Each structure stands twice: as structure tokens, then as C-alpha cells.
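Have a look at the structure below, then the notes.
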Amino acid sequence: LLNQQRNKFYCSKEEKLCVFCENDKEALCSQCVGSESHRGHTVISAEKAVQVFRAEMQAKKNHLETLREDAKGRSVGRKSLSQLPFQSQNQASSREEKLTQLFERLQQFLLRTSIQLETELEDERKVKAQFIQNNIEVVNSITCDVSAQIQSLEEMNLQSTEKHIHPNAVSHFRNKKFDFPKQEKSQMINSEFYLGKVAYRLWKQAQAAKFTVHSVTVALDPETAHPELTLFEELTCVRYRGRRLRIPDFPSRFDQCPCVLGTPGFKDGRQYWEVRVWSKKEWDLGMATESANRKGEVRLDPAHGYYTIILREGGRYAACNSPQVPLRPPRQPTKIGIFLDYDRGRLCFLDANNMYPLYTFEHRFTETLFPFFSPGMVIDGQNVEPLKVC
């Protein structure tokens, strides 16, 4: 055993191995280094060679640890993605419940609309009736005045002598004008107006129904997530953690902006999904084209492949078009609905709680579009809530 250990540090000439040949990758003694077979080769001391080997081994170890972490992430991702069929089944059941609730809401809507329009019609009928009554009183007054004038003329005709007919009296009757009220269309109840209101409200409700029915299962893609984002709850939630994870820098991964894409991508059809934003102070939501830049600074506008709306500190909502369009929802949305009609080139955002439209992008799409999410950064303990795909 001692001889075996000794042979590790001595060559066949019983000389101590003191240098390392980088060309042949072998340890040499002082005699071998000057031999013909190693002449002109690069040699370094054994101590330095050990340091180099240790550095290389540490680098390989770090790489393997990174691969192991990535394998764990992929394992979680595969496990979550394998659950998508079950999620789709659950979502189908959820859609059936939503359809039932939708028809119930439509029935309630029709009842409320009927009662509301009956009230509006009755109020307008009273206003029109009062207006007509006032006109009748004016006409009656004028009629009485005309009758009195006629009676005066008849009396003067009976006394038709020149001394009784004064020129000023005749002129008075000739120039007398009577202001009869004009008959206007506004005096009539406009039934077409009310029928139009009903049709419009039904159309709006039908639009809401369309948004509700065409839903799709969206999962977050871990291979696109910025290293400081955490994905959890089976790839449906994303939160900013502020600590950079050592993971492979795939071409598909955002490396500077805290963003992540969803899967699947869409190249046709109509799709709808919802994202719960809670009471966050900042977030970005929308879609990104397949070729949109993900490295370095990300510019959120259609010219760079991004169709998004954003919330910034101070409750400032905006659509990232060119130029940016300020949005003023009547109340703070806690859940955003996103409706994509790829074939018609429309991407609509709405407050999913009341179907209030926020903004619509119109564009002729040619690339595959992927759902886009950014939970924003956490600063001074603010904006800690996640984004959740519903």
C-alpha cells in the first residue's frame, strides 16, 4: 500500500513528480521535463497545476448544481403541466357552473330592465301629458280670445255706420296675432328610443356572455421567468422575491425586467382568461409576440411586440400604445379579463368583476402571441401580492 501511494508521486525513474505538462496533461519529474518527448511543451509547477484542477473542479461542481436546480424546476414544471388536463376538466365543470349563473344573470337582467324601462316610460308619459295639458290650456285661452274678437266684429258689423267704425279699430283686428303652440315630435313618446336602449343593453350583456364562455387554461412558463420571480400554486401564481436564483439563462428567459410568459401561445381563434391582481400597486398584463425581445430593457409597445396595460404607483392606469393612453376605470379592478380575437385582430382588456371595458388593441397579428405577466417589484414592503391566473 505504501508503495502504491509512493508511485503516485514518483515516476518510473524514482524521481519526484514536481511539474505538470499542459500539452500532454501529465505530471513529470525534473529529468523527464527535459526529454525529447516534452521539449517545447508548456509546463507549470505541480502546486499551480493542483490549483488549476481545483478551480476547474469547483466550476464543474457549480455547473452541476445549477443543472440540478434546473432539473428540479423542470420536474416541478412537468408535474404542473401534467396536471393541465385535470385542470381543464375542472375548468370545464367551472364553465358549466358559469353558464348556469350566466343565464340566471340574464333572466335577472331582463327583469330589472323591464322594471326600469316601465318606470322610465311612466315618468316620460307624465312629463309629456303635463306638456300637452299646458298646450291645451294655451289653445283654450287663445280660442276664448278669438271668440271674443269675433263677437266684437259681429257687434261692430251690426252697427255698420261710418261713425261707429274707427280706422284704428279695424287696424287692431287686422294686425292681431295669436301664438298657438307648435306641435313638436318631442311631444310624442319615442318608442324606438326605448327599443334601442333594450337592444343595446342586451348586446352589452351578450358581449359579457361571450367573454365568460370562451375561457382557456393558461399556465406560467418557468423557462421564461426572470430569475427574481417565484412561480407557485401549480404555475398559476407569480411573485417578485428580490433574490436572484442561479438558473440557466435560456434565450427565452427575461434577464433584466421581472416578467414571465404564459403557455400555450395562440395563433388563431378567440381566447379568454382572467388574472387576479388583488390590491397591487404595480403590474403589467397583456400579450407578447414570439419574437419580442426578452433580454435587457423591454419596451412595452406594439412596435416592439408587446400589447399591454399597466398600473403604476398612485393608481395610474395606462395602455402601452404609441403614444401611451391613460385609463380611468370607475373603480380599482381586482381582477382583469383578457379577451383575444386573433383572427379579427382585437385584444380587449376589461374589469372582470363588472365587464367594464378598459382598452382594446386593434392590430393585424401575424405571430404566435403569448400571455404576458409582470407582478412589479416589491419596494419598502409594498406590492407584495402575487398575480394569479384564474
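Take 8 as the starting number for the sequence shown in this note's numbering and just add one per residue.
Each residue gets a CB set at the ideal place from its N, CA and C atoms; glycine is no exception.
Only a predicted model underlies this, so the values are computations on that prediction, with no experimental measurement involved.
- The closest CA to that of ASN360, considering only PRO340, THR367, LEU347, LEU376, is found on PRO340.
- Residue environment for ASP348: buried (at least 16 other C-beta atoms within 10 angstroms of its C-beta).
- With contacts defined as CB atoms closer than 8 Å, ASP228 and VAL267 qualify as a contacting pair.
- Residue environment: PHE379 is assigned as buried (16 or more neighbouring CB atoms within 10 Å of its CB, all protein chains considered).
- In this structure, DSSP gives VAL225 a state outside helix and strand, which the three-state scheme calls coil.
- GLN331 counts as exposed, since fewer than 16 other beta carbons sit within 10 angstroms of its beta carbon.
- Taking the Cα of ILE345 as reference, the smallest distance to any Cα among ASP358, ARG335, CYS264 is reached at ASP358.
- For the options TYR247, GLU125, ALA226, the alpha carbon positioned closest to that of ILE386 is the one of TYR247.
- Counted as a single uninterrupted DSSP element, the beta strand (DSSP E) harbouring ALA325 occupies residues 323–326.
- Within the segment 360–384, no run of alpha helix (DSSP H) reaches 4 residues while sitting entirely inside it.
- Where LEU334 is concerned, the enclosing beta strand (DSSP E) starts and stops at 332–334.
- Residue environment: ILE157 is assigned as exposed (fewer than 16 neighbouring CB atoms within 10 Å of its CB, all protein chains considered).
- ARG319: member of the beta strand (DSSP E) spanning 313–319, first to last residue.
- At a Cβ-Cβ threshold of 8 Å, GLU289 and GLU240 do not count as neighbours.
- LYS274 carries a coil assignment under DSSP once its states are collapsed to helix, strand and coil.
- Under the DSSP definition of a beta bridge, TYR279 partners with PHE346.
- Residue environment for MET294: buried (at least 16 other C-beta atoms within 10 angstroms of its C-beta).
- If you draw a 10 Å sphere on the C-beta of TRP280, you find 16 or more other C-beta atoms in it, and that means buried.
- Note that the C-beta distance between ALA226 and GLY269 is below 8 Å.
- With contacts defined by Cβ atoms closer than 8 Å, PHE356 and ILE316 form a contacting pair.
- Cβ atoms of ALA326 and TYR363 stay farther apart than 8 Å, at about 14 Å.
- Counting along the chain, no beta strand (DSSP E) covers ALA299, and no H or E run does either.
- Collapsing the DSSP output to three states places LYS23 in a strand.
- Within the same chain, and ignoring the five residues on either side of ASN141 in sequence, no residue has its Cβ closer than 6 Å to its Cβ.
- With contacts defined as CB atoms closer than 8 Å, HIS45 and CYS25 fail to qualify as a contacting pair.
- For GLU33, the uninterrupted beta strand (DSSP E) run begins and ends at 33–35, by DSSP.
- Linking GLU297 to GLU63 through their CA atoms gives a straight-line distance of about 37 Å.
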